[in-house]
Amino acid sequence: MTSQVSSPAEQTDGADETVVGAQRKPVGTKDVRRLDRVIIRFAGDSGDGMQLTGDRFTSETASFGNDLSTLPNFPAEIRAPAGTLPGVSSFQLHFADHDILTPGDAPNVLVAMNPAALKANVGDLPRGAEIIVNTDEFTKRAMQKVGYDTSPLEDGSLDGYRLHPVPLTTLTVEALKEFDLSRKEAERSKNMFALGLLSWMYHRPTEGTEKFLKSKFAKKPDIAEANIAAYRAGWNFGETTEDFAVSYEVAPAATAFPPGTYRNISGNLSLAYGLIAASGQADLPLFLGSYPITPASDILHELSRHKNFGVRTFQAEDEIAGIGAALGAAFGGSLAVTTTSGPGVALKSETIGLAVSLELPLLVVDIQRGGPSTGLPTKTEQADLLQAMYGRNGEAPVPVVAPRTPADCFDAALEAARIALTYRTPVFLLSDGYLANGSEPWRIPETDELPDLAVRFAQGPNHTLDDGTEVFWPYKRDPHTLARPWAVPGTPGLEHRIGGIEKQDGTGNISYDPANHDFMVRTRQAKVDGIAVPDLEVDDPDGARTLVLGWGSTYGPITAAVRRLRTAGEPVAQAHLRHLNPFPANLGAVLKRYDKVVVPEMNLGQLATLIRAKYLVDAQSYNQVNGMPFKAEQLATVLKEAIDG
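Here this note's numbering is used: the first residue of the sequence shown is 7, the next is one more, and so on.
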């Protein structure tokens, strides 16, 4: 979905997460309350369609013009037993009439499709939140399966919330009785009934969802019409039932965005588009060699749809074959990419080292997840930083780039491609599950805003021997970038040896000479150390003594926490790293300006370890490894303690 925004950019004054009082205006027999933001969580079995429901609500919210941020949360098992806590799937959406940064700390509304969904999520709700439950699923057996001895709908345990018991399954089946569907088939549309009800409650557009359903079930028009009927029935139920006496309005966030054309985009989709854009700007074919792995597989799926842009995707038999094919494509003159997650990086490490030795451009996209080993496939973590930095044998330095938001994955992909192509090196792009699956509005850039990534291949001899003979030296370096020439196979006169054994400087011949090896190791390190990256920008309007330093997906929660503290009058500075190897040249000077440096990470302190080692700064770690992103209130509390300590 795209929408036009024509107003100038305007930052809001503070608390991304604060609750604002509502205004009311009567419309007929129903009240309409105007809110500045809402956080909704849809939760149910993994087969209840919660991700589709949340995605459709998000798309309509984006088309309406709200700022938004989402947090899909999948079960780790492919198909956990129905009605169990491990099988709960949820989708959280935070949307507002102003600039927001996170999916929100605590939902204002929970839609629980069964007892497991209620039990798994009710602990996250603030008192007074609304709970919409599908009463048809609250059978004795279903409740006992998750440990409810008595019905939470009747024992008073939910008295602190505004409870809306709705027989979603029964109402859906009743609404579809005119269709030639079995009861089981009709019940599958209950998520559309719930979506219709929530769309009425929050005045979401409906045309887009109906168009989507017709397209999705184009080959099954009866199913399409049944889902549309369930969706409309949910809307009408909200309009007519006495249990929902109030609906809510959240105005578009026109002042939060610079002028332009916007669409809602997830991190993986944004990254895929960034790779395509980089290919176009470099005028090189894009090749992806990959093996499916959660949460990176969507990039493979998306890029496979774009053969018209010169994209070639290869789904290999394993991780090693995937990166091997990608490195071969790099040797052949393509913009080469391999996508994976942490376990796949471990398998690819030898070939990444080979790419370091060959000095060829290769993008290694790591969508991080919980580890070690198989770990938490569907949960988020940022614990692969040290693996990206050092996870290869020998001295094998690799640049590391990390996006900070789903939309920023587009720009990070372009930046990773710039470094790889300019300096002839593999580059790590570290995203994570939170960014990959989350979404936000993205301003579609104009083509003239994109960087020039044009590449010049070697065309002929580049060195003159003492006897005057002109020859091609594959390891003769650019004096500014230390990059070696990129010679496409088949170019006459540019035949050269490749392989993993150490090369002689200049000629590229095999060399076991100790002095040459020492020189080549230091040269490869100097090439990475000399990569031109922008200075670190520091947001410090108050002359603070405490700096919070982050990287990757912690940007949203950190910034929201900083806004809270500043609104409360607390001075705190913030900086966020995109380039993790090499670090920005001014990072050391920035760190020394502050009495305290706090580094929140979704690991056990990997960036903090690097900071302490390189700059001898006593950086304070704050760590979380529970598979979920930080909450703004959580970080605000930690930072307040650091300021006061």
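All C-beta atoms in this analysis are idealised placements derived from N, C-alpha and C, irrespective of residue type, glycine included.
On a predicted model such as this, the values are computed, not experimentally measured, just so you know.
- Residue ranges of uninterrupted beta strand (DSSP E) with 3 or more members, entirely inside the region 43-88 and ordered along the chain, are 43-51 and 73-79.
- Between the alpha carbons of residue 480 and residue 436 lies a gap of roughly 30 angstroms.
- The region 499-541 is shown to contain whole alpha helix (DSSP H) runs of 4 or more residues at 520-535, in chain order.
- Annotated three-state conformation of residue 483 is coil, per DSSP.
- Taking 8 angstroms as the cut-off, the beta carbon of residue 546 is found no closer than this to the beta carbon of residue 262.
- The three-state reading of DSSP puts residue 106 in coil, since its state is none of H, G, I, E or B.
- Secondary structure note for residue 241: its alpha helix (DSSP H) is the uninterrupted segment 227-246.
- Membership of residue 130 in any alpha helix (DSSP H) is not indicated, and neither H nor E is assigned to it by DSSP.
- Taking residue 422 as the centre and dropping the five residues before and after it, the same chain places the C-beta of 369, 407, 433 and 435 closer than 7 angstroms to its C-beta, in chain order.
- A distance below 7 angstroms between beta-carbons, with the five flanking residues on each side excluded, links residue 527 to the following residues of its chain, in chain order: 401.
- The continuous beta strand (DSSP E) containing residue 579 extends over residues 579-583.
- In this structure the region 248-257 does not touch the region 295-307; the number of beta carbon pairs closer than 8 angstroms is below three.
- With a threshold of 16 other beta carbon atoms within 10 Å, residue 438 meets it and is buried.
- Bounds of any alpha helix (DSSP H) do not take in residue 112, whose DSSP letter is neither H nor E.
- Taking C-alpha positions only, residue 231 is separated from residue 56 by approximately 20 angstroms.
- For the region 258-346, the continuous alpha helix (DSSP H) assignments of 4+ residues that do not extend past its boundaries occur at 273-288, 303-309 and 325-337, in sequence order.
- In this structure residue 453 is exposed. Its beta-carbon is surrounded by fewer than 16 other beta-carbon atoms within 10 angstroms.
- Around the CB of residue 150, fewer than 16 other CB atoms lie within 10 Å, so the residue is classed as exposed.
- Straight-line measurement puts the Cα of residue 352 at about 24 angstroms from the Cα of residue 617.
- Between residue 461 and residue 595, the C-beta gap is not smaller than 8 angstroms, which leaves the two residues out of contact.
- Residue 513 holds the alpha-carbon nearest to the alpha-carbon of residue 501 among 513, 507 and 359.
- Ranked by Cα distance from residue 491, the options 217, 442 and 431 are led by 431.
- The shortest CA-to-CA distance from residue 392 to any of 372, 635, 385 and 411 is the one to 372.
- For residue 640, the closest C-alpha among the options 240, 628, 633 and 59 is that of 628.
- Taking C-beta separations shorter than 6 angstroms and ignoring five residues to either side along the sequence, the partners of residue 621 in its chain run 594 and 597, following chain order.
- Residue 485 counts as exposed, since fewer than 16 other C-beta atoms from the protein chains shown sit within 10 angstroms of its C-beta.
- Between residue 100 and residue 75, the C-beta gap is smaller than 8 angstroms, which places the two residues in contact.
- In the DSSP assignment, residue 449 falls outside any alpha helix (DSSP H) and lies within the beta strand (DSSP E) extending over 445-449.
- For residue 164 and residue 116, the gap between their C-alpha atoms comes out near 12 angstroms.
- The count of Cβ pairs closer than 8 angstroms, one atom from the region 34-47 and one from the region 173-183, stays below three, leaving the stretches out of contact.
- Beta-bridge partners assigned by DSSP to residue 602: 552.
- When only Cα atoms are considered, residue 496 and residue 602 end up about 57 angstroms apart.
- When DSSP reads this structure, residue 165 sits in no beta bridge, so it has no partner.
- For residue 628, the enclosing beta strand (DSSP E) stretches over residues 626-629.
- Annotation for residue 351: the continuous alpha helix (DSSP H) segment containing it runs 348-364.
- Judged by beta-carbon spacing, residue 424 lies beyond the 8 angstroms limit of residue 403, meaning their Cβ atoms are not closer than that value.
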